[in-house]
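In my numbering, the protein residues as written are 1 to 256.
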């Protein structure tokens, strides 16, 4: 299934090439900057009944735009970016279906299981998505944090996903090496996720055509969903029409 996204940077909806966003304000490659607010995209997703999409706050200055999007589609969007035990309830109360936790559960490259358990105690596992976005190193996939700049010690594997599934409702996995490049999905990673995960996963990274959506849906056995960003026409792309993605979901729901 297709799942939409709203990536926010400096309060604007953007599509950014993965791995070029950093805390030091260095070089940033942007594929698209919208003149429409985040709430416009949220309203569109609500009208087309596209549940399960995500709003990602890329750095500071995005809170207002994020809250406006959540209020436009209450219960329909997940939210991530700087989520922790102090602000998670605020975003859930504002209309998010789930909060997405990323770098906060890692400390010095290792999983802080106590933090994760405490967060689950606050909001419940059914409202939590764990972001396990990754990059490849020495032929293996490792989770990366802090704008996908820092490798952690956590290697993605069946065992790792099984352990995390005890604490969350879904996973979000960006293939950071291909994110925003529109050169095709990381098929190996998609296949691994389909084999390893027992709960839904939203995969993002590299999608360039409707065939990618068809392929992910076939391989994913209704567990793996696909986010399409820079290739989508509503984000200035030329590879995929948003209307085709909506129709694809409707066909799947009808069993065609």
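We put the beta carbon where it would ideally sit given N, CA and C, even for glycine.
| said: Could you give the first and the last residue of the continuous alpha helix (DSSP H) run that contains residue 191? | reply: Here residue 191 refers to the residue found at position 191 when the chain shown is read from its first residue. Counting along the chain, the alpha helix (DSSP H) containing residue 191 begins and ends at 187-196.
| said: Less than 8 angstroms between the beta carbons of residue 105 and residue 116, yes or no? | reply: The residue given as residue 105 occupies position 105 in the chain shown. The residue given as residue 116 occupies position 116 in the chain shown. Contact: yes.
| said: Relative to the C-alpha of residue 118, which candidate in 86, 241, 145 and 142 has its C-alpha closest? | reply: By one-based count along the chain shown, residue 118 stands at place 118. Of 86, 241, 145 and 142, the residue nearest in Cα terms is 86.
| query | Sorted by chain position, which residues of the same chain lie with C-beta nearer than 6 angstroms to residue 95's C-beta, five sequence neighbours on each side aside? | reply | What you label residue 95 is simply residue 95 of the chain shown in a count that begins at 1. Excluding residues within five positions, the ones whose Cβ falls inside 6 angstroms are 70, 71 and 74.
| field | Where residue 179 falls, given that 16 or more other Cβ within 10 Å makes a residue buried | value | Along the chain shown, read from residue 1 onward, the residue named residue 179 stands at position 179. Per the 10 Å Cβ criterion, buried.
| DSSP-derived helix/strand/coil call for residue 135 | One-based indexing of the chain shown puts residue 135 at position 135. DSSP places residue 135 in strand when its eight states are reduced to three.
| Expressed to the nearest angstrom, what Euclidean distance is found between the alpha-carbon atoms of residue 16 and residue 127? | As a first step, residue 16 must be located in the chain shown, where it is residue number 16. As a first step, residue 127 must be located in the chain shown, where it is residue number 127. Computed Cα separation, rounded: 27 angstroms.
| request: Since I believe residue 227 is in contact with residue 208 (beta carbons under 8 angstroms), could you give me their beta-carbon distance rounded to a whole number of angstroms? | output: Here residue 208 refers to the residue found at position 208 of the chain shown. Here residue 227 refers to the residue found at position 227 of the chain shown. Between residue 227 and residue 208 the Cβ distance is about 13 angstroms, and since that is not below 8 angstroms, they are no contact.
| field | C-alpha gap between residue 183 and residue 8, whole angstroms | value | For the purposes of this step, residue 183 is taken as the residue at position 183 of the chain shown. For the purposes of this step, residue 8 is taken as the residue at position 8 of the chain shown. Residue 183 and residue 8: Cα-Cα distance of roughly 23 angstroms.
| field | Residue from 50, 157, 93 and 168 with nearest C-alpha to residue 196 | value | In the chain shown, the residue the question calls residue 196 occupies position 196. When only C-alpha atoms are compared, the closest one is 157.
| alpha helix (DSSP H) segments (min. 4 residues) lying fully within the region 58-142 | 63-72, 88-93 and 113-123
| query | Are the region 214-224 and the region 238-247 touching, with three or more C-beta to C-beta distances below 8 angstroms? | reply | no
| query | Can you tell which of 31, 163, 120 and 154 has its C-alpha closest to the C-alpha of residue 134? | reply | Here residue 134 refers to the residue found at position 134 when the chain shown is read from its first residue. Residue 134 has its Cα closest to that of 154, out of 31, 163, 120 and 154.
| field | Per-residue burial, residue 36 [other beta carbons within 10 Å of its own, 16 or more giving buried] | value | By 1-based counting over the chain shown, the position of residue 36 is 36. So residue 36 ends up on the exposed side.
| request: Measure the beta-carbon distance from residue 173 to residue 1 and round it to whole angstroms, keeping in mind my assumption that it falls under 8 angstroms. | output: Counting from one through the chain shown, the residue named residue 173 turns up at place 173. Counting from one through the chain shown, the residue named residue 1 turns up at place 1. The pair is not a contact, with the Cβ atoms about 15 angstroms apart (cut-off 8 angstroms).
| query | When DSSP builds the beta bridges, which residues end up paired with residue 13? | reply | Translated into the one-based positions of the chain shown, residue 13 becomes position 13. Bridge partners of residue 13: 8.
| field | Beta-ladder partner(s) of residue 152, from DSSP | value | Your numbering for residue 152 matches position 152 in the chain shown. Answer by DSSP bridge pairing: none, since residue 152 is not bridged.
| Near residue 83, what residues of its chain come up, given a Cβ to Cβ distance below 8 angstroms and the 5 sequence neighbours on each side ignored? | As a first step, residue 83 is located in the chain shown; it is residue number 83 there, counting from the start. Result list for residue 83: 91, 99, 100, 101, 102 and 104, in chain order.
| Span of the alpha helix (DSSP H) holding residue 219? | Within the chain shown, residue 219 is the residue found at index 219, counting from 1. Element bounds for residue 219: 210-220.
| Range covered by the beta strand (DSSP E) that runs through residue 173 | Here residue 173 refers to the residue found at position 173 when the chain shown is read from its first residue. Looking at the DSSP string, the run of the beta strand (DSSP E) that includes residue 173 is 170-174.
| query | Where does residue 223 sit, in a helix, a strand or coil, going by DSSP? | reply | Residue numbering aside, residue 223 sits at position 223 when the chain shown is read from its first letter. If DSSP states are grouped into helix, strand and coil, residue 223 belongs with coil.
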